[in-house]
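Asker: When you read off a place in the sequence shown, starting at 1, and then add 115, the result is the number in the working numbering. Even glycine gets a Cβ: it sits at the ideal position worked out from N, Cα and C. If you're wondering where the values come from, they're calculated on a predicted model, not measured in any experiment.
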Amino acid sequence: MDTKALIAAYYEAFNAGQTDRMMEMLHDEVEHHVNEGQIRKGKELFAEFNRHMAESYRENLTDMVIFANEAGDRAAAEFVVNGTYLKTDPGLPEAKGQTYRLPAGAFFTIRDGKIARVTTYYNLADWIAQVSA
């Protein structure tokens with residue numbers, strides 16, 4: 116599978132709520148660089164993050180554009196997160212089923228045909244303003 120197809124399949128699995136399928140596309144030594152917080156290293160920490168996110172948020176990504184370098188070892192994606200805030204996340208505003216629409220992006224490193232790094236970016240202040248309105 117080429118890099119752009121790998122990233123597309125990863126996000127198709129995300130939108131389908133198929134986190135097991137997402138995990139299959141990750142390198143065993145995956146690093147998850149989040150917008151705010153510590154780097155998560157390894158598939159187990161990534162799986163824990165996915166379980167938490169599924170409890171607190173329902174999200175669907177649209178307007179997906181995927182880029183990859185010629186070597187196929189680096190990629191990026193730009194998209195819009197369409198979400199519902201389901202359960203209060205500690206340190207964030209109270210969840211009351213608020214909806215949000217947030218531009219976001221991610222950067223990837225590919226190793227051995229799998230995703231070895233996911234770095235996600237979005238504007239947290241924009242998200243807070245939307246769920247606080």
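Can the beta-carbon of ARG92 be found less than 8 Å from the beta-carbon of GLU146?
Answerer: Coverage of the chain is limited to positions 116 through 248, which leaves residue 92 absent and any answer about it impossible.
Asker: Counting C-beta neighbours from all protein chains within 10 Å, is the total for ILE181 16 or more, i.e. buried, or is it exposed?
Answerer: Buried is the call here.
Asker: Which whole-angstrom value describes the C-beta separation of LEU217 and TYR237, a residue pair presumed to lie in contact below a C-beta threshold of 8 Å?
Answerer: About 5 Å; that satisfies the 8 Å criterion.
Asker: Using only the alpha-carbon positions, how far apart do ALA128 and GLU185 sit?
Answerer: If I take the Cα positions, the gap works out to 25 Å.
Asker: Would you tell me roughly how many angstroms separate the C-alpha atoms of LYS211 and THR203, rounded to the nearest one?
Answerer: Looking at the two C-alpha atoms, the distance is approximately 8 Å.
Asker: Determine, using beta carbons only, whether ALA183 and THR234 come nearer to each other than 8 Å.
Answerer: Result no, Cβ atoms of ALA183 and THR234 do not sit closer than 8 Å.
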